[in-house]
Amino acid sequence: MHNLKFPHFPIEHHTRENSHIFPAIINSGYIHSVESCGTVDGPGIRFVIFTSGCPLRCLYCSNADCRYLENGKQTSVDELVTEIQKYRSYMKSSGGGVTITGGEPLMQPGFVREIFKRCQELGIHTALDTSGFCDLEAAKSVLEFVDLVLLDIKSFDPDTYTKVTGRSIEPTLALAKYLNVIHKPTWIRFVLVPGLTDDPQNITGLADFVAPFNNVERLEVLPFHKMGEYKWQELGFEYLLRDTQPPSPEQVQAALDIFRSRGIFAI
Ligand code: SF4
Numbered sequence: 230m231h232n233l234k235f236p237h238f239p240i241e242h243h244t245r246e247n248s249h250i251f252p253a254i255i256n257s258g259y260i261h262s263v264e265s266c267g268t269v270d271g272p273g274i275r276f277v278i279f280t281s282g283c284p285l286r287c288l289y290c291s292n293a294d295c296r297y298l299e300n301g302k303q304t305s306v307d308e309l310v311t312e313i314q315k316y317r318s319y320m321k322s323s324g325g326g327v328t329i330t331g332g333e334p335l336m337q338p339g340f341v342r343e344i345f346k347r348c349q350e351l352g353i354h355t356a357l358d359t360s361g362f363c364d365l366e367a368a369k370s371v372l373e374f375v376d377l378v379l380l381d382i383k384s385f386d387p388d389t390y391t392k393v394t395g396r397s398i399e400p401t402l403a404l405a406k407y408l409n410v411i412h413k414p415t416w417i418r419f420v421l422v423p424g425l426t427d428d429p430q431n432i433t434g435l436a437d438f439v440a441p442f443n444n445v446e447r448l449e450v451l452p453f454h455k456m457g458e459y460k461w462q463e464l465g466f467e468y469l470l471r472d473t474q475p476p477s478p479e480q481v482q483a484a485l486d487i488f489r490s491r492g493i494f495a496i
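In my numbering, the protein residues as written are 230 to 496.
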């Protein structure tokens, strides 16, 4: 068993008692980096903000260098919005917008809420990429300013989920159900890892869970890759998937077939 150190969670200046209203407005937060012309995290060309800090420890994480909040740089909302506005024409003409991913953006709900709020005031489409491991009450107030959620469900079988992430699946399922209740447009993302998440029962379980949801517009099957492995080595972390290979096109197709057999738009 590898030794995992988890940050305290949630970390912002709101409490469970006051978070049912909204998290405190936070005018700055910690980000790892930004990408001005992203094309894989939501529709169109997107300005993507990678926040730092994540409560999960996914075995295949490509961003192991932003596990902790302090791995990032403190940045103000004003600074980010000024930068975002430079790319408005690209975003508008491509049907894109702003995506906040991580790390786990919902570790900083007040900060993320404020960025999204400012974006929507400017008519910019907003997308939140989250694992769903969050304080649901704090997440609710962020979601008021989110047009699209990219919800990463790392596995459906609870034991496999914990093996992959080091955490419980329950908060993610709770968020998924809430998104359906409020009809929030959602894309589900599932990373297919041979020998880990590719058990047909695991995939079928996820398909059966997602199929009744009217808010889910698509499900993306993301083939496992090792592009972040070098970061683990540089950081002195043990990369347990070093002998695991990316799935073959046939394995990806088999997963897609299961989702599509339930009427899900899977790509
Ligand atoms: S949720 Fe994302 S950032 Fe966090 S450990 Fe998993 S892959 Fe890495």
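Heads up, the beta-carbon is just placed ideally off N, CA and C, and yes, glycines get one too. Computed from a predicted structure; not experimentally measured.
1. Can at least three beta-carbon pairs, one atom from the stretch 385–393 and one from the stretch 441–460, be found at a separation below 8 Å?
2. When the Cα atoms are used, what is the spatial distance from P387 to P334?
3. From which residue to which residue does the alpha helix (DSSP H) around E399 run?
4. Tell me the rounded alpha-carbon separation between A403 and A483.
5. Along the chain, which unbroken stretches of the beta strand (DSSP E) at least 3 residues long are found entirely within the stretch 296–351?
6. Since V275 sits in a beta bridge, which residues does DSSP pair it with?
7. Identify every residue that forms a DSSP beta bridge with E449.
8. Is D428 near the ligand SF4, with its Cβ less than 8 Å from a heavy atom?
9. What is the DSSP secondary structure of I250, reduced to helix, strand or coil?
10. If I follow the unbroken alpha helix (DSSP H) through A367, where does it start and stop?
11. When you compare only the Cα positions, how much space is there between F340 and Q303?
12. Could you tell me which residues DSSP pairs with T359 in its beta bridges?
13. Which residues, in chain order, sit with a beta-carbon under 6 Å away from any heavy atom of the ligand SF4?
14. Please go through the same chain and pick out, in chain order, the residues whose beta-carbon is closer than 8 Å to the beta-carbon of V327, but skip the five residues on each side of it.
15. Using the Cβ count rule (16 or more neighbours within 10 Å means buried), how would you classify H412?
16. Report back the beta-carbon spacing between L470 and L451 to the nearest angstrom; my notes put them in contact at under 8 Å.
17. Report buried or exposed for V410, applying the criterion of at least 16 other Cβ atoms within 10 angstroms of its Cβ.
18. Note down, in chain order, each residue of its chain lying with its Cβ closer than 6 Å to the Cβ of G273, except the 5 sequence neighbours on either side.
19. Would you check if the distance between the CB atom of R418 and the CB atom of I382 is smaller than 9 Å?
20. In whole angstroms, what separates the C-alpha of T582 from that of P423?
21. For K392, report the span of its alpha helix (DSSP H) as first-last.
22. Hey, would you say N300 sits closer than 9 Å to Y259, going by beta carbons?
23. Assuming contact is defined by CB atoms lying nearer than 9 Å, are E449 and A405 in contact in what I supplied?
24. Are there 16 or more other CB atoms within 10 angstroms of the CB of M456, so buried, or fewer, so exposed?
According to the structure shown:
1. Result no; under three Cβ-Cβ pairs closer than 8 Å.
2. In this structure, the alpha-carbon of P387 lies about 23 Å from that of P334.
3. For E399, the enclosing alpha helix (DSSP H) stretches over residues 399–410.
4. Our two residues, A403 and A483, have alpha carbons roughly 27 Å apart in a direct line.
5. Qualifying beta strand (DSSP E) stretches, in chain order: 302–305, 326–330.
6. A small correction: the amino acid at residue 275 is Arg; Val does not occupy that position in the sequence shown. G267, G326.
7. DSSP lists R418 as partners of E449.
8. Within 8 Å of the C-beta of D428 there is not a single heavy atom belonging to the ligand SF4.
9. Any answer about I250 is weak, because its pLDDT of 43 lies below 50 and its placement is not dependable; what the coordinates show is given next. Shown here, I250 sits in coil according to DSSP, grouped into three states, outside any helix or strand.
10. If you look at A367, you'll find it in the alpha helix (DSSP H) that goes 365–372.
11. Linking F340 to Q303 through their CA atoms gives a straight-line distance of about 11 Å.
12. Looking at the DSSP output, T359 bridges to L380.
13. Listed along the chain, these residues meet the criterion: C283, L285, R286, C287, C290, N292, G331, G332, E333, S360.
14. The beta carbon of V327 sits closer than 8 Å to the beta carbons of R275, F276, V277, I278, I313, M320, I344, F345, C348, I353, H354, T355, A356 from its chain, once the five residues preceding and following it are set aside; these are given in chain order.
15. H412 counts as exposed, since fewer than 16 other beta carbons sit within 10 angstroms of its beta carbon.
16. The C-beta distance from L470 to L451 rounds to 14 Å, too long to fall under 8 Å, and the pair is not in contact.
17. So V410 counts as exposed.
18. Sequence-distant Cβ neighbours of G273 in its own chain, meaning closer than 6 Å and more than five residues away, are S323, G324, G325.
19. Contact annotation: R418 and I382 have beta-carbon atoms nearer than 9 Å.
20. Look at the range of the chain in this structure, 230 to 496, and you will see that residue 582 is not part of it.
21. Here the alpha helix (DSSP H) through K392 covers 387–394.
22. Contact flag set, yes.
23. Cβ distance not < 9 Å, so E449 and A405 don't count as in contact.
24. Within a 10 Å sphere around the beta-carbon of M456 sit fewer than 16 other beta-carbons, which makes this residue exposed.
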